[in-house]
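**Q** Heads up, the sequence shown is in our numbering, so the first residue is 11 and it goes up one at a time.
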Amino acid sequence: MKSLREQMNDAMILRGFAARAQESYLAAVRSLAKYYRRSPDSLTAEEVEAYHLHLIVERKLAYSSVNRSASACRFLFDKVLKRPQ
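1. Touch check for the region 62-81 and the region 33-53: three-plus C-beta pairs under 8 Å?
2. Using three-state DSSP, classify Arg84 as helix, strand or coil.
3. Out of Leu14, Ile23, Lys89, point me to the one whose CA is closest to Arg48's CA.
4. Would Lys89 and Ala21 qualify as a contact pair, given that the criterion is a beta-carbon distance under 8 Å?
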């Protein structure tokens, strides 16, 4: 069985994502996992939302950065895990 990272990378390749977009999405999901200290596939929609709120309020990231993270999470849950959020 492939790791979640490999599954996500394969799904992006199949959909024609640019190399930089792949790196960006993988980094966003890695940051989410690091924040919660567990695999993203065990997270709930509420936890993902709380993480993005943290990025906006606490870390004061730009909207584009938060949007990129949200898009990466949406891709992971919708396309890789087949679990729409």
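C-beta: ideal position from N, C-alpha, C; glycine also. For clarity, every value in this text was computed on a predicted model and none was experimentally measured.
**A** Quick answer:
1. yes
2. helix
3. Leu14
4. yes
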